[in-house]
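Novice:
Numbering (the working numbering), first residue to last: 8 to 634.
So this is what it looks like as structure tokens:
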């Protein structure tokens, strides 16, 4: 925001300015500019002026004119006193209004998905904060409300409301089919994902590898009874939190309990080292036959009004999107709000998924994936520091890293120029890294996806996340931009067939079980679009905390996330300590960032011309040689 405000202050009609990141109605961050005018202007002019030196993603969504900027006693801008954009008048951009009923319907859906009110029919979905995940939600809502399929690839090709309306008007209807509520039974079928997690959980050594622990720091006057009441209400609201798993006549089933008590484990300490020990002690294996498969703990330093809330769930009942839903519900319940009833629960999805196996669409998905992974499947074989254990071990470590704001801006500029997403650029670069390390030209990388392509599933808590086996061929003679186009095409095709479960694919391909590694791929790459926001409740501040989680499900997993407040990209590499030393992983991170620098400076570079060695490494080698 500082760089954005500096550019705004260069305008002749702006005397004072501050730019902050605010959450919109959907909880997504967006830039808002507040300024004091010293002359005539229009918001169109301000946007145009800023776009001459800044990329689109750095142009504020809202421009708010104030008589004066509110100040604190220290003379600094009081950001908390700045009004929400919707509550003030401003000479906002004159948006192109919808010209027909199709555009009107689309505009309403866009507002819902993006959490924004003023959207012109000629604005790009991606310029207004859209990404692949939101694109898939947009696609599913268009299908529900307009009975037309608009695949994600068409959202890239037609990114404005006007273009999408024209595309839709030429298409035949495909009726939206609601997911039905399952008839009441004692035991329900499980989903494919649940079945796989159950099987993996039985393997020796998995321990807590499929736990989902979260830590939240709370400052203020916390009412522990109110927290306990809210946690119990959460369990009563979501059936997944009252579910246990049982083998009935050799077949895995899930049972929904009418009641399940969530006991809040309470600890008292001021010692920070003791806090870390208590967190480690709190995370322990679950018995899948005993509900609830969620735990809650509270580390209290009530004298200093400091608390650490611990939440741990088994992955078989939850995923990243679910945790976001649960956290938002918990905040509302702590405030005493009434929540709307849920139309569907996870067991309804599991029953529906089973019925989908007989459809033509399921067969199309299956055909796509068997074609995609036909022939001899490549084994990556990254060079390791230690011999691979005969049976996969799940002990791991994490190394965080940051891609600085300057490089992040250049990457986003490349994203705009190539009409791709940040995930696609980073995935392409990661493939280049792996190709350089292994010499392979055929690489499969696992990549998680939310798995909620049906609009009815957006608010349901449970394990929906699917894993895509993304196969790319980084051939040395390719230009990076051409390889990026291949990656984009591959990813979009896979998104269209994302509903075919990974575990079904493994079974269908029948590659044989190697107990020393995961099926199909050894490394994962993820772009995190889900961020648990910091919350402020009356008298309370709540933010998500970090802790050392010494587990690794794969040889190596790379996770990237945008940091709006820092204008940078954050990453973390989770790696198996049975295979790699920390220094090896750190070196790979340096090489990855070096690859990113090369592609932003020379997007048309051939893959074979890209180098791993950083200038610092070359200098060291030269000094060693001279020595």
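For each residue, glycine too, the CB sits at the ideal point set by N, CA and C.
Three or more beta-carbon pairs under 8 angstroms between the region 252-266 and the region 308-318, yes or no?
Specialist: No: the two stretches stay apart, fewer than three of their Cβ pairs being nearer than 8 angstroms.
Novice: Would the region 433-449 and the region 326-346 be scored as touching if the rule is three or more Cβ pairs under 8 angstroms?
Specialist: no
Novice: Between which two residues does the beta strand (DSSP E) containing residue 303 stretch?
Specialist: The residue given as residue 303 occupies position 296 in the chain shown. Under the DSSP assignment, residue 303 falls in the beta strand (DSSP E) whose first and last residues are 301-308.
Novice: Would you call the CB atoms of residue 491 and residue 427 closer than 8 angstroms?
Specialist: For the purposes of this step, residue 491 is identified with residue 484 of the chain shown, where counting begins at 1. For the purposes of this step, residue 427 is identified with residue 420 of the chain shown, where counting begins at 1. Contact flag set, yes.
Novice: Taking the alpha-carbon positions, what's the residue 210 to residue 216 distance?
Specialist: In the chain shown, the residue the question calls residue 210 occupies position 203. In the chain shown, the residue the question calls residue 216 occupies position 209. The alpha-carbon atoms of residue 210 and residue 216 are separated by roughly 11 angstroms.
Novice: Quick check on the burial criterion: 16 or more other C-beta atoms within 10 angstroms. Buried or exposed for residue 410?
Specialist: Looking up residue 410 in the chain shown gives position 403. Classification for residue 410: buried.
Novice: Is there contact between the region 120-134 and the region 82-91, where contact requires at least three CB pairs shorter than 8 angstroms?
Specialist: With fewer than three CB-CB distances shorter than 8 angstroms, the region 120-134 does not count as touching the region 82-91.
Novice: Could you tell me the distance, in whole angstroms, from the CA atom of residue 431 to the CA atom of residue 386?
Specialist: Residue mapping note: residue 431 aligns to position 424 of the chain shown, counting from 1. Residue mapping note: residue 386 aligns to position 379 of the chain shown, counting from 1. Residue 431 and residue 386: Cα-Cα distance of roughly 22 angstroms.
Novice: Suppose contacts are defined by Cβ-Cβ distances below 8 angstroms. Is residue 603 in contact with residue 418 by that definition?
Specialist: Position 596 of the chain shown holds residue 603. Position 411 of the chain shown holds residue 418. Yes, the pair counts as a contact, with Cβ atoms nearer than the cut-off.
Novice: Within the same chain, show all residues whose beta-carbon is closer than 6 angstroms to that of residue 56, passing over the 5 residues directly before and after it, in chain order.
Specialist: Along the chain shown, one-based indexing puts residue 56 at 49. Around residue 56: 18.
Novice: What first and last residue would you give for the beta strand (DSSP E) that runs through residue 262?
Specialist: As a working mapping, residue 262 is identified with position 255 in the chain shown. Element bounds for residue 262: 258-263.
Novice: Roughly how far, in whole angstroms, is the beta-carbon of residue 48 from the beta-carbon of residue 76, given that I think they are within contact range, below 8 angstroms?
Specialist: By 1-based counting over the chain shown, the position of residue 48 is 41. By 1-based counting over the chain shown, the position of residue 76 is 69. In fact, because the Cβ distance is near 17 angstroms, the residues do not count as touching under 8 angstroms.
Novice: Starting from the N-terminal side, write out each stretch of the alpha helix (DSSP H) that is 4 residues or longer and does not extend beyond the region 152-240.
Specialist: 159-164, 168-176, 199-208
Novice: Mapping DSSP to helix, strand and coil, what is residue 498?
Specialist: Counting from 1 along the chain shown, the entry for residue 498 is found at position 491. Helix.
Novice: Can you tell me where the beta strand (DSSP E) with residue 577 in it begins and where it stops?
Specialist: The residue given as residue 577 occupies position 570 in the chain shown. Segment 575-583, the beta strand (DSSP E) holding residue 577.
Novice: Under 8 angstroms, do residue 117 and residue 175 count as touching if we go by C-beta distance?
Specialist: Here residue 117 corresponds to residue number 110 of the chain shown, with the count starting at 1. Here residue 175 corresponds to residue number 168 of the chain shown, with the count starting at 1. Result no, Cβ atoms of residue 117 and residue 175 do not sit closer than 8 angstroms.
Novice: Based on Cα-Cα distance, which residue from 467, 464, 459 lies nearest to residue 502?
Specialist: As a position in the chain shown, residue 502 is number 495, starting the count at 1. Considering only alpha carbons, the answer is 459.
Novice: Which word fits residue 251, buried or exposed, when buried means at least 16 other C-beta atoms lie within 10 angstroms of its C-beta?
Specialist: The count along the chain shown starts at 1 and reaches residue 251 at position 244. Buried, because 16 or more other Cβ atoms sit within 10 Å of the Cβ of residue 251.
Novice: Check residue 328 in the structure and name its three-state DSSP category.
Specialist: Taking the chain shown and counting its residues from 1, one reaches residue 328 at position 321. Residue 328: helix per DSSP, three-state reduction.
Novice: Return the Cβ separation of residue 487 and residue 610 in integer angstroms, given the expectation that the two are a contact with Cβ distance under 8 angstroms.
Specialist: Along the chain shown, read from residue 1 onward, the residue named residue 487 stands at position 480. Along the chain shown, read from residue 1 onward, the residue named residue 610 stands at position 603. By a beta-carbon distance limit of 8 angstroms, residue 487 contacts residue 610. Their separation comes to about 6 angstroms.
Novice: What are the boundary residues of the alpha helix (DSSP H) that residue 41 is part of?
Specialist: By 1-based counting over the chain shown, the position of residue 41 is 34. Per DSSP, residue 41 belongs to no alpha helix (DSSP H); it is in the beta strand (DSSP E), 36-44.
Novice: What does the alpha-carbon distance come out to for the pair residue 280 and residue 287?
Specialist: Reading the chain shown from its first residue, position 273 is the one you call residue 280. Reading the chain shown from its first residue, position 280 is the one you call residue 287. Near 11 angstroms, if we compare the C-alpha coordinates of residue 287 and residue 280.
Novice: Let's see if you can read the secondary structure: which residues bound the beta strand (DSSP E) around residue 47?
Specialist: Against the chain shown, residue 47 aligns to sequence position 40. Counting along the chain, no beta strand (DSSP E) covers residue 47, and no H or E run does either.
Novice: Do residue 580 and residue 406 have their C-beta atoms within less than 8 angstroms of each other?
Specialist: For this step, residue 580 is matched to residue 573 along the chain shown. For this step, residue 406 is matched to residue 399 along the chain shown. Less than 8 angstroms separates the beta-carbon of residue 580 from that of residue 406.
Novice: With a cut-off of 8 angstroms on the beta carbons, I'd call residue 433 and residue 476 a contact; round off their distance for me.
Specialist: Taking the first residue of the chain shown as position 1, residue 433 is located at position 426. Taking the first residue of the chain shown as position 1, residue 476 is located at position 469. Taking C-beta atoms under 8 angstroms as the contact rule, residue 433 and residue 476 fail to qualify, at a distance of about 18 angstroms.
Novice: In the DSSP assignment, find the beta strand (DSSP E) that holds residue 630 and state where it starts and stops.
Specialist: The sequence position of residue 630 within the chain shown is 623, counting from 1. Counting along the chain, residue 630 falls outside any beta strand (DSSP E), though it belongs to the alpha helix (DSSP H) covering 622-633.
Novice: Using the beta-carbon count (16 or more within 10 Å), is residue 109 buried or exposed?
Specialist: As a working note, residue 109 is residue 102 in the chain shown. Buried, by the Cβ-count rule.
Novice: Does the beta-carbon distance from residue 70 to residue 89 come in below 8 angstroms?
Specialist: Taking the first residue of the chain shown as position 1, residue 70 is located at position 63. Taking the first residue of the chain shown as position 1, residue 89 is located at position 82. No, they are not a contact pair.
Novice: If you reduce the DSSP assignment to three classes, tell me which class residue 28 lands in.
Specialist: Counted from its first residue, the chain shown places residue 28 at position 21. Three-state result, residue 28: strand.
Novice: Taking 7 angstroms as the limit between beta carbons, can you name the residues of its chain near residue 151, skipping five residues before and five after?
Specialist: Against the chain shown, residue 151 aligns to sequence position 144. Same-chain partners within the cutoff: 183, 462.
Novice: Have a look at residue 598 and residue 498 and give me their C-alpha separation to the nearest angstrom.
Specialist: Residue 598 sits at position 591 when you count from the first residue of the chain shown. Residue 498 sits at position 491 when you count from the first residue of the chain shown. Answer to the nearest angstrom: the Cα atoms are 24 angstroms apart.
Novice: Take residue 320 and list the residues in its own chain whose beta-carbon comes closer than 7 angstroms to its own, dropping the five residues that flank it on each side.
Specialist: The sequence position of residue 320 within the chain shown is 313, counting from 1. The residues are 219, 300, 301.
Novice: Beta-carbon within less than 6 angstroms of residue 277's beta-carbon, same chain only, minus the 5 sequence neighbours each way: which residues are those?
Specialist: Locating residue 277 in the chain shown gives position 270, where the first residue counts as 1. Taken in chain order, the residues that qualify are 308.
Novice: What span of residues does the alpha helix (DSSP H) with residue 312 cover, start to end?
Specialist: Indexing the chain shown from 1 puts residue 312 at position 305. It is not in any alpha helix (DSSP H) - residue 312 carries neither H nor E in the DSSP assignment.
Novice: Just how far apart, CA to CA, sit residue 101 and residue 72?
Specialist: Taking the chain shown and counting its residues from 1, one reaches residue 101 at position 94. Taking the chain shown and counting its residues from 1, one reaches residue 72 at position 65. The pLDDT assigned to residue 101 is 46, lower than 50, so where the model puts this residue is not dependable, and the model offers no usable value.
Novice: With DSSP run on the structure shown, which of helix, strand or coil describes residue 56?
Specialist: Mapped onto the chain shown, residue 56 falls at position 49. Three-state result, residue 56: helix.
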